[in-house]
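*Asks:*
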Amino acid sequence: MNHRRIPPRKAVVAGAAVVALAAAAVVLPNASASPEAALAFGPRQLTPLAASELASRLAATLGRDHGGSYYDVDRQQLVVNVVRADGAAVEEARESGAVIRGVDRSTSQLRVASRELKERATIPGTSWAVDPVTNQIRVTADRTVTGERWDRLTRAVAGLGDSVARIERSAGEFAPFVEGGDAIFGGGARCSLGFNVTTREGTPGFLTAGHCAVAAARWSDDNGTVLGSVRAATFPGAGDLALVGYDDPGVRAPSSVNTGQGRSVAIDRAADATVGQSVQRMGSTTGLHDGRVTGLNATVNYPEGTVSGLIQTDVCAEPGDSGGPLFTGEGAAVGLTSGGSGNCTSGGVTFFQPVTTALEAFGARIGAPAGNEGEQPGDPTGPASPPHQETAPPPVDEEPARDDD
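At position 138 of the sequence shown the residue is numbered 172 (this note's numbering), and the sequence of numbers has no breaks.
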């Protein structure tokens with residue numbers, strides 16, 4: 035079964051979004067230590083995807099000495115922070131082609147600081163993320179954080195110790211947005227598909243934002259044809275993720291993102307984000323935009339509740355864009371738009387649910403089951419799933435277990 039194409043400004047192949055954002059761009063601070071000193075080790079130039087894969091491997095190799103990593107776009111090199119610049123593991127990292135940079139704080143220490151902020155400063159309108167470039171926690175407060183709430187936030191940041199965290203201001207307000215419009219519909223809300231996947235049962239489905247699935251258990255296209263039912267969702271809590279199973283086994287479900295004007299990007303894998311990495315976002319309101327990853331393991335305090343484990347970027351977005359795909363030009367699925375603040379005139383700060391975490395949580399994989407790929411790149415439809423009770427709300431996992439260390 036085929037569905038008519040949504041116009042380029044509104045279309046997102048196997049994905050586009052719903053929740054949106056609003057406000058000013060966050061300026062990346064200068065690093066507290068310069069990577070130039072490490073260049074004598076002879077690092078290799080890497081593609082962004084190769085750097086992401088190497089970063090994941092070295093994080094496991096370095097263990098508690100790991101202080102995070104980021105991609106130097108200008109030099110096309112991976113910079114890896116370590117708290118001890120010696121030992122076999124560090125030598126292995128150096129020989130792998132990474133730039134080694136000594137820092138004061140490990141990733142584990144920064145995550146402990148993040149948990150302390152969660153205990154002391156879970157204030158609507160705030161967020162924090164690990165920034166490996168500065169080896170700090172970057173705390174952002176939107177325009178609603180004033181008076182006693184601002185005082186509480188500054189006390190919490192100061193209590194972490196000297197230079198462990200820094201506070202920045204965003205001119206807008208952090209929020210997920212669900213609007214009426216053309217994309218996919220459920221319960222009066224509009225969202226967009228993320229990426230087509232194969233579920234653990236071997237049936238086709240798609241990923242989208244969890245706050246979309248909380249709004250409605252079943253979703254339809256702009257013609258009113260029912261596409262599928264929510265299998266599981268998390269929002270708020272440890273992420274903003276949802277899995278929807280398709281109802282019609284004859285619907286095409288290509289693994290690609292429609293970027294408009296008859297173009298598409300084939301999606302053949304999922305990848306972890308790396309700070310500094312260039313990424314693209316497709317949305318049903320503003321279309322295709324690009325930017326860079328600026329933080330990892332971000333926590334956002336929306337009015338609806340706290341969401342953790344997100345990717346932070348400077349990619350602009352607006353109401354109607356959330357839920358859609360964040361991806362690389364090399365065809366790797368990276369994230370699903372969650373929320374933030376800003377717009378595509380002034381810029382902004384945006385947050386994305388990591389795709390790798392969503393796939394692991396649902397036992398799914400990128401791409402449609404064999405025989406269901408279809409012939410049209412960017413067709414956001416796909417095959418069927420087991421029936422879902424229409425009268426009951428979708429299951430919501432408020433706080434699934436995750437390892438913060």
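Even glycine gets a Cβ: it sits at the ideal position worked out from N, Cα and C. Just so it is clear, the structure is predicted and the values come from calculations on it, not from any experiment.
Enumerated in chain order, which unbroken segments of the beta strand (DSSP E) with a length of 3 residues or greater are wholly contained in the segment 167 to 233?
*Replies:* 170 to 175, 199 to 203, 218 to 220, 223 to 225, 230 to 232
*Asks:* Helix, strand or coil for residue 369, going by three-state DSSP, please let me know.
*Replies:* Position 335 of the sequence shown holds residue 369. Looking at residue 369 - three-state DSSP - the assignment turns out to be strand.
*Asks:* Using 8 Å for Cβ pairs, my map puts residue 244 next to residue 265. What's the rounded Cβ distance?
*Replies:* To locate residue 244, count along the sequence shown from 1; it is residue 210. To locate residue 265, count along the sequence shown from 1; it is residue 231. Actually they are not in contact, since the Cβ atoms of residue 244 and residue 265 sit about 12 Å apart, beyond 8 Å.
*Asks:* How is residue 254 classed by DSSP in three states: helix, strand or coil?
*Replies:* Taking the first residue of the sequence shown as 1, we reach residue 254 at position 220. Strand.
*Asks:* In whole angstroms, what separates the C-alpha of residue 33 from that of residue 260?
*Replies:* What is shown of the chain runs 35 to 439, which leaves residue 33 out entirely.
*Asks:* Along the chain, where does the alpha helix (DSSP H) containing residue 396 start, and where does it finish?
*Replies:* Numbered from 1 along the sequence shown, position 362 holds the residue referred to as residue 396. Residue 396 -> alpha helix (DSSP H) spans 389 to 396.
*Asks:* Per DSSP, what kind of secondary structure is residue 293 in: helix, strand or coil?
*Replies:* Sequence index remark: in the sequence shown, residue 293 carries index 259 (1-based). Three-state DSSP puts residue 293 in a strand.
*Asks:* Just curious, the alpha helix (DSSP H) that residue 128 is in, first and last residue?
*Replies:* Taking the first residue of the sequence shown as position 1, residue 128 is located at position 94. It spans 122 to 129 - the alpha helix (DSSP H) in which residue 128 sits, taken as one unbroken run.
*Asks:* Residue 309 bridges to which residues according to DSSP?
*Replies:* By 1-based counting over the sequence shown, the position of residue 309 is 275. Beta-bridge analysis with DSSP links residue 309 to 104.
*Asks:* I want to check one thing, is the minimum distance from the CB of residue 398 to the heavy atoms of the ligand FAD below 6 Å?
*Replies:* As presented, the structure is devoid of all ligands, the ligand FAD included, so that no description of it is given.
*Asks:* Tell me the DSSP secondary structure of residue 139 in three-state form.
*Replies:* Translated into positions along the sequence shown, residue 139 becomes position 105. Coil at residue 139, not helix or strand.
*Asks:* From the DSSP output, in three-state form, read off residue 83 for me.
*Replies:* By 1-based counting over the sequence shown, the position of residue 83 is 49. Residue 83: helix per DSSP, three-state reduction.
*Asks:* Measure from the alpha carbon of residue 203 to the alpha carbon of each residue in 378, 374, 399, 252, then state which is nearest.
*Replies:* Here residue 203 corresponds to residue number 169 of the sequence shown, with the count starting at 1. For the residues 378, 374, 399, 252, the minimum Cα distance to residue 203 belongs to 374.
*Asks:* Leaving out the 5 sequence neighbours to the left and right, which residues in its chain are closer than 7 Å to residue 369 when beta-carbon positions are compared?
*Replies:* The residue labelled residue 369 in the question sits at position 335 within the sequence shown. Excluding sequence neighbours, residue 369 sits near 307, 345, 360, 386, 387, 388, 389.
*Asks:* Within 10 angstroms of the Cβ of residue 442, are there 16 or more other Cβ atoms? Answer buried if so, exposed if not.
*Replies:* Outside the shown range of the chain (35 to 439) lies residue 442, about which nothing can therefore be said.
*Asks:* Name, in chain order, the residues that DSSP records as bridge partners for residue 147.
*Replies:* Residue 147 sits at position 113 when you count from the first residue of the sequence shown. In DSSP, residue 147 forms no bridge with anything.
*Asks:* Helix, strand or coil: which one does DSSP assign to residue 379?
*Replies:* In the sequence shown, residue 379 corresponds to position 345, counting from 1. It is coil, neither helix nor strand.
*Asks:* Does the contact criterion of 3 or more C-beta pairs under 8 Å hold for the segment 174 to 183 versus the segment 140 to 152?
*Replies:* no
*Asks:* Identify which residue in 325, 207, 313, 234 has its Cα closest to the Cα of residue 365.
*Replies:* Within the sequence shown, the letter at position 331 stands for residue 365. Measuring from the Cα of residue 365, the nearest candidate turns out to be 313.
*Asks:* Distance, Cα to Cα, residue 190 vs residue 330?
*Replies:* By 1-based counting over the sequence shown, the position of residue 190 is 156. By 1-based counting over the sequence shown, the position of residue 330 is 296. Looking at the two C-alpha atoms, the distance is approximately 20 Å.
*Asks:* Within the continuous beta strand (DSSP E) that includes residue 358, where are the two ends?
*Replies:* Working through the sequence shown from its first residue, we reach residue 358 at position 324. Unbroken run through residue 358: none, as it is neither H nor E.
*Asks:* Label residue 180 either buried or exposed according to how many other C-beta atoms from any shown protein chain fall within 10 Å of its C-beta, with 16 as the threshold for buried.
*Replies:* Working through the sequence shown from its first residue, we reach residue 180 at position 146. Counting Cβ neighbours within 10 Å, residue 180 comes out exposed, since fewer than 16 surround it.
*Asks:* Would you call the segment 348 to 357 and the segment 316 to 329 touching, i.e. three or more CB-CB distances under 8 Å?
*Replies:* A contact exists between the segment 348 to 357 and the segment 316 to 329.
*Asks:* Rounded to the nearest angstrom, what separates residue 139 and residue 220 at their Cα positions?
*Replies:* As a working note, residue 139 is residue 105 in the sequence shown. As a working note, residue 220 is residue 186 in the sequence shown. The alpha-carbon atoms of residue 139 and residue 220 are separated by roughly 45 Å.
*Asks:* Reducing DSSP to helix, strand and coil, say where residue 97 ends up.
*Replies:* In the sequence shown, residue 97 corresponds to position 63, counting from 1. Residue 97 falls in the helix class under three-state DSSP.
*Asks:* May I ask you to report which of helix, strand or coil DSSP gives residue 248?
*Replies:* For the purposes of this step, residue 248 is taken as residue 214 along the sequence shown, with counting starting at 1. Reduced to three states, the DSSP call for residue 248 is helix.
*Asks:* Anyone know if the C-beta pair for residue 106 and residue 117 falls short of 7 Å?
*Replies:* Counting from 1 along the sequence shown, the entry for residue 106 is found at position 72. Counting from 1 along the sequence shown, the entry for residue 117 is found at position 83. Taking 7 Å as the Cβ cut-off, residue 106 and residue 117 do not qualify as a contacting pair.
*Asks:* From residue 252 to residue 206, what distance separates their C-alpha atoms?
*Replies:* For this step, residue 252 is matched to residue 218 along the sequence shown. For this step, residue 206 is matched to residue 172 along the sequence shown. Each residue's Cα considered, the two are about 32 Å apart.
*Asks:* Here's a check: name, in chain order, each residue in its chain whose Cβ is nearer than 7 Å to the Cβ of residue 91, leaving out the five neighbours to either side.
*Replies:* As a working mapping, residue 91 is identified with position 57 in the sequence shown. Excluding sequence neighbours, residue 91 sits near nothing in its chain.
*Asks:* What whole-angstrom Cβ distance do residue 241 and residue 276 have, given they're in contact under 8 Å?
*Replies:* As a first step, residue 241 is located in the sequence shown; it is residue number 207 there, counting from the start. As a first step, residue 276 is located in the sequence shown; it is residue number 242 there, counting from the start. Rounded, the Cβ-Cβ distance is 7 Å, consistent with contact.
*Asks:* Examine chain D for any beta-carbon lying closer than 7 Å to the beta-carbon of residue 185, and answer yes or no.
*Replies:* Protein chains in the displayed structure number just one, and chain D is not present.
*Asks:* Mark residue 257 as exposed unless 16 or more other C-beta atoms lie within 10 angstroms of its C-beta, in which case mark it buried.
*Replies:* Residue numbering aside, residue 257 sits at position 223 when the sequence shown is read from its first letter. The residue in question, residue 257, is exposed, as its Cβ has fewer than 16 Cβ neighbours within 10 Å.
*Asks:* For residue 355, which of 166, 320, 303 has the nearest alpha-carbon?
*Replies:* Start at 1 with the first residue of the sequence shown, and residue 355 comes out as number 321. With distances taken between Cα atoms, residue 355 lies closest to 320.
*Asks:* Assuming residue 382 contacts residue 230 (C-beta within less than 8 Å), just tell me the rounded distance between them.
*Replies:* Counting from one through the sequence shown, the residue named residue 382 turns up at place 348. Counting from one through the sequence shown, the residue named residue 230 turns up at place 196. Not really, about 28 Å apart at Cβ, beyond 8 Å.
*Asks:* Does the distance from the C-beta atom of residue 86 to that of residue 305 stay below 7 Å?
*Replies:* Within the sequence shown, residue 86 is the residue found at index 52, counting from 1. Within the sequence shown, residue 305 is the residue found at index 271, counting from 1. For the 7 Å CB-CB criterion, residue 86 and residue 305 form a contact.
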